[in-house]
Amino acid sequence: MTKIVEILSSEELRRTVTRLASQIVEKSGNPRDLALLGIYTRGVALAQMLANQIEVLEQVQVLVGALDITFYRDDLDQIAIRTPAKTEIPFDLSGKIVVLVDDVIYKGRTIRAALNAVNEYGRPETIWLAVLVDRGHRELPIHPDFTGKKLPTAKEEQVKVYVQDVDGRDGVELIKG
Numbered sequence: 823m824t825k826i827v828e829i830l831s832s833e834e835l836r837r838t839v840t841r842l843a844s845q846i847v848e849k850s851g852n853p854r855d856l857a858l859l860g861i862y863t864r865g866v867a868l869a870q871m872l873a874n875q876i877e878v879l880e881q882v883q884v885l886v887g888a889l890d891i892t893f894y895r896d897d898l899d900q901i902a903i904r905t906p907a908k909t910e911i912p913f914d915l916s917g918k919i920v921v922l923v924d925d926v927i928y929k930g931r932t933i934r935a936a937l938n939a940v941n942e943y944g945r946p947e948t949i950w951l952a953v954l955v956d957r958g959h960r961e962l963p964i965h966p967d968f969t970g971k972k973l974p975t976a977k978e979e980q981v982k983v984y985v986q987d988v989d990g991r992d993g994v995e996l997i998k999g
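Residue numbers 823 to 999, in this note's numbering, belong to the letters of the sequence shown in order.
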């Protein structure tokens with residue numbers, strides 16, 4: 823029997839994004855040097871949410887791009903067939919502090935693929951990782967610099983992130999069973 827547990831409500835997700843935006847600004851020293859790259863699908867919406875919050879906090883418009891990592895994955899034979907999205911990075915990454923943004927980090931393979939993809943678009947000064955949920959179970963030595971919520975999970979459980987722009991609502995759920 824499937825059991826769904828709410829982890830973050832819409833309001834809690836909003837507060838988490840505000841905290842992450844503050845942490846990113848504080849660590850960067852100068853938000854004008856930032857470029858946020860959201861990893862499709864929900865990472866793109868989260869990157870835009872972070873950029874909007876940074877603008878509210880600092881009155882600075884942060885560069886935002888979208889990164890499709892489909893062809894950089896090492897597990898294409900194990901995932902469902904999907905149509906790749908369009909990577910949109912309409913600015914030079916060279917010398918920037920790039921923040922990769924994703925909804926959930928699990929094994930670390932998506933982020934490894936994202937790092938390979940970023941190399942095609944320039945040489946950032948620094949690359950940081952911001953995730954909404956860290957559920958553990960890493961297979962690679964990749965760890966986020968900014969984490970909204972650490973959520974230890976069993977391997978058979980799923981974490982589902984909902985964002986308004988994609989799903990029509992905001993929230994995070996843990997699906998058991």
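Yeah, the Cβ is synthetic: ideal placement off N, Cα and C, and Gly gets one too. Model, not experiment: these values are computed from the prediction.
- Under the three-state reduction of DSSP, Glu-978 is assigned to coil, being neither helix nor strand.
- Only buried fits Ile-919, as 16 or more other CB atoms lie within 10 angstroms of its CB.
- If you draw a straight line from the Cα of Val-878 to the Cα of Met-823, it comes to about 43 Å.
- In the structure shown, Val-926 falls within a strand segment according to DSSP collapsed to helix, strand and coil.
- With a cut-off of 8 Å on Cβ pairs, the stretch 940–952 is not in contact with the stretch 973–986, counting fewer than three such pairs.
- Rounded to whole angstroms, the gap between the alpha carbons of Ile-846 and Phe-893 is 29 Å.
- When only Cα atoms are considered, Ile-829 and Arg-864 end up about 17 Å apart.
- Your pair Glu-880 and Pro-853 checks out as a contact, with CB atoms roughly 5 Å apart and the cut at 8 Å.
- The stretch 903–963 is shown to contain whole alpha helix (DSSP H) runs of 4 or more residues at 931–940, in chain order.
- One Cα belongs to Leu-885, the other to Leu-915, and the distance between them is close to 10 Å.
- In the three-state DSSP reduction, Val-886 falls in the strand class (E or B).
- The Cβ atoms of Trp-950 and Val-921 lie closer than 8 Å to each other.
- Where Ile-826 is concerned, there is no enclosing alpha helix (DSSP H), although the beta strand (DSSP E) around it starts and stops at 825–830.
- Per DSSP, the continuous beta strand (DSSP E) segment holding Val-994 begins and ends at 993–998.
- Going by DSSP, Leu-868 is part of the alpha helix (DSSP H) stretching over 864–880.
- Val-839 carries a helical assignment under DSSP once its states are collapsed to helix, strand and coil.
- Annotation: Thr-932 to Ala-857 spans about 19 Å, alpha carbon to alpha carbon.
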